[in-house]
Structures are given as C-alpha cells and as structure tokens.
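Visitor: Please see the structure below; I have some questions.
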Amino acid sequence: MLFRSKRNGAAAADVQVDVSDNFGIRKLHFGGDDTQSAMKLADPLDLVLAYTRCAFGFLLLADAPRDALLIGLGGGSIAKWIHAKMPDTRLTVVELHAQVVAVAHSMFFLPPDDERLDVQVGDGSAWVYQMEDASTDLIIMDAYSASGIAEPLATVDFFNACRDKLRADGVLAVNLWGSDKRFGQYRDRLAQAFDSRVLLLPARQKGNIMAFCFKRGFNNPAWAALSERAIKLEAQYGLEFSEFVADLARLNTHNDRKLFI
Numbered sequence: 001m002l003f004r005s006k007r008n009g010a011a012a013a014d015v016q017v018d019v020s021d022n023f024g025i026r027k028l029h030f031g032g033d034d035t036q037s038a039m040k041l042a043d044p045l046d047l048v049l050a051y052t053r054c055a056f057g058f059l060l061l062a063d064a065p066r067d068a069l070l071i072g073l074g075g076g077s078i079a080k081w082i083h084a085k086m087p088d089t090r091l092t093v094v095e096l097h098a099q100v101v102a103v104a105h106s107m108f109f110l111p112p113d114d115e116r117l118d119v120q121v122g123d124g125s126a127w128v129y130q131m132e133d134a135s136t137d138l139i140i141m142d143a144y145s146a147s148g149i150a151e152p153l154a155t156v157d158f159f160n161a162c163r164d165k166l167r168a169d170g171v172l173a174v175n176l177w178g179s180d181k182r183f184g185q186y187r188d189r190l191a192q193a194f195d196s197r198v199l200l201l202p203a204r205q206k207g208n209i210m211a212f213c214f215k216r217g218f219n220n221p222a223w224a225a226l227s228e229r230a231i232k233l234e235a236q237y238g239l240e241f242s243e244f245v246a247d248l249a250r251l252n253t254h255n256d257r258k259l260f261i
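The opening position of the sequence shown corresponds to residue 1 in the UniProt record's numbering, with each subsequent residue numbered one higher.
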C-alpha cells in the first residue's frame, strides 16, 4: 500500500507504508526499511519487538510517568502498551505522517484519543521546542529509520531542549541502532546534553540499543537493589526486567556491586 502524507496543508516527504501478515504476526514497514512495528494478532498488546520492551527499562530507576511524550508512532506498539498498562499516565504522541496514524488505528488497534491519549500529526522536533519547560516526565524517541535519525531530532540543541522540558526526575529514552556509523556521535551528543547521565540497554533481538538519559543522578545504585526492583516490576508489568538488569552491565560503567549513574 502506498500512502502520501500531507502536513500543514503542504506535501511532506512521501512515505510508503507496507503491512504484512505472516504466522499470526502483523508487521508495518516503511518502503524497503526493516520491520518498524510488529503485532501479535492474538494479543495486540504484546510487545513483539525486543526494543519496544527495552524502552521501559527506565522503570528500573524512575517511577511511571504522569505525563509522557512519544515521538514517532509506527504501528503504535509503545503507545498502546502505555495506554493499557500505565493508567495514571497521560500520553501525547507526535507522528509526522497522517497516514501512519490512520494505519495504526485501522490495522494495529491503536485506540481513539481520550483523556489519556492524544495523537498529533506534526514535526517532533518543533513540538518539543514549543513545549513549556519542566512539563513532562518522559520523552521517548522512536523515530529511527534505515537512514538513521532525522538531523533535527539528533542535534545537541534538540537534546538540550528535551532535557529542559523534563521535570526534575525526567527521562529521555532514545531508540538507537548499534551498528550505525553515527551511533557514537548520537551517544556523545546525548551525554553532552545530560552531563553523561546516560545508560545504554541493548536489546537481545537485532541491534537496537535504548539510550536512557536522566535529568538527575541516582547515586550509583547497587545491583542487588536493581534486581529486587526488577522482580517487582516483572510482577506488575510482565516484562523481562531481570534481563534488563543483566544487560545493563554490557555497555555501562559498573563494578561488581554498583551501576554508575
């Protein structure tokens, strides 16, 4: 299926949205890109792709958000999960292409807007710049494509703006691709904006790496405390938080007792 997006009355870049069903899994692709979203038809809330589960690894250190912003909708996996599993969270989603929003509603069971879900068609970087400072607890960037992150969403100025829009305990979560030649550049820019308070959580599926950027430090939490919290989070949310704790040791500074953040 070919969709052509319109934004603010003008033609935006063409986006080809392909949807396929195989073995009970519905997938969304943008043209020749890899799978952007995947949904189990028998369980539409299940987070099929590992990186979408890793996106919630920040809960090992931070509480569930009151207000959250998601940049990039795709098939709506993350948005649906937040809406269903975090009843006290108000989520705003900003997606560049109106047709992607339409497909998420019609084919991936994204619920209609309500008092806790507001899906907007627009430019994610412009949206962040116009927000009030200290107005959200969580920003998730899921705007990665085969060509990387669009430059307006990857500058130090933009990451500084994200930091400024977060409340004191806020988190910026960014989906990255480990083999991207610009991965080190993205990581360094995030570290610059957040005074090196960045944790990297690699997904066990493919090469996605979630970068969690914290507005404040956490006094180097002990592995034992993180493991104890992971068990409670697994019971609450059903995601593999104990694996997340183990995987944090792969790419972050630590010793045998503590994670340094």
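Even glycine gets a Cβ: it sits at the ideal position worked out from N, Cα and C.
Only counting the same chain, and skipping five residues up and downstream in sequence, which positions put a Cβ closer than 6 Å to that of Gln120?
Guide: Val94
Visitor: Which of the three DSSP states, helix, strand or coil, is assigned to Ala168?
Guide: strand
Visitor: Kindly indicate which three-state DSSP category Arg7 falls into: helix, strand or coil?
Guide: Confidence is the limiting factor: at Arg7 the pLDDT is only 36, short of 50, which leaves the residue's position unreliable and the question unanswerable from this model.
Visitor: Any chance the stretch 121-134 sits against the stretch 144-162, with 3 or more Cβ pairs inside 8 Å?
Guide: yes
Visitor: Tell me the rounded alpha-carbon separation between Asn22 and Asp133.
Guide: 44 Å
Visitor: Around the C-beta of Pro112, are 16 or more other C-beta atoms found within 10 angstroms, so that it is buried, or is it exposed?
Guide: exposed
Visitor: What's the call for Ala11, buried or exposed, on a 16-neighbour Cβ count within 10 Å?
Guide: At Ala11 the pLDDT is 40, less than 50, meaning the model places this residue with poor confidence; the figure from the coordinates comes in the next sentence. So Ala11 counts as exposed.
Visitor: In three-state terms, what does DSSP make of Arg90?
Guide: The three-state reading of DSSP puts Arg90 in strand, counting E and B together.
Visitor: Out of Ile71, Gly76, Asp63, Cys54, state which residue places its alpha-carbon closest to the alpha-carbon of Arg26.
Guide: Considering only alpha carbons, the answer is Gly76.
Visitor: Tell me the rounded alpha-carbon separation between Arg257 and Lys165.
Guide: 33 Å
Visitor: With burial defined as no fewer than 16 other Cβ atoms inside 10 Å of the residue's Cβ, what is the status of Leu200: buried or exposed?
Guide: buried
Visitor: Evaluate Thr253 with the Cβ neighbour count: other Cβ atoms within 10 Å of its Cβ, from every protein chain shown; 16 or more gives buried, anything less gives exposed.
Guide: With fewer than 16 other Cβ atoms within 10 Å, it is exposed.
Visitor: Just verifying my parser: in three-state terms, what is the DSSP assignment at Glu151?
Guide: DSSP, read as helix, strand or coil, puts Glu151 in helix.
Visitor: Can you tell me where the alpha helix (DSSP H) holding Ala230 begins and where it ends?
Guide: Its alpha helix (DSSP H) spans residues 223-237.
Visitor: Let me know if Gln205 comes out buried or exposed under the rule of 16 or more other beta-carbons within 10 Å of its beta-carbon.
Guide: Classification of Gln205: exposed, given that the 10 Å Cβ count is below 16.
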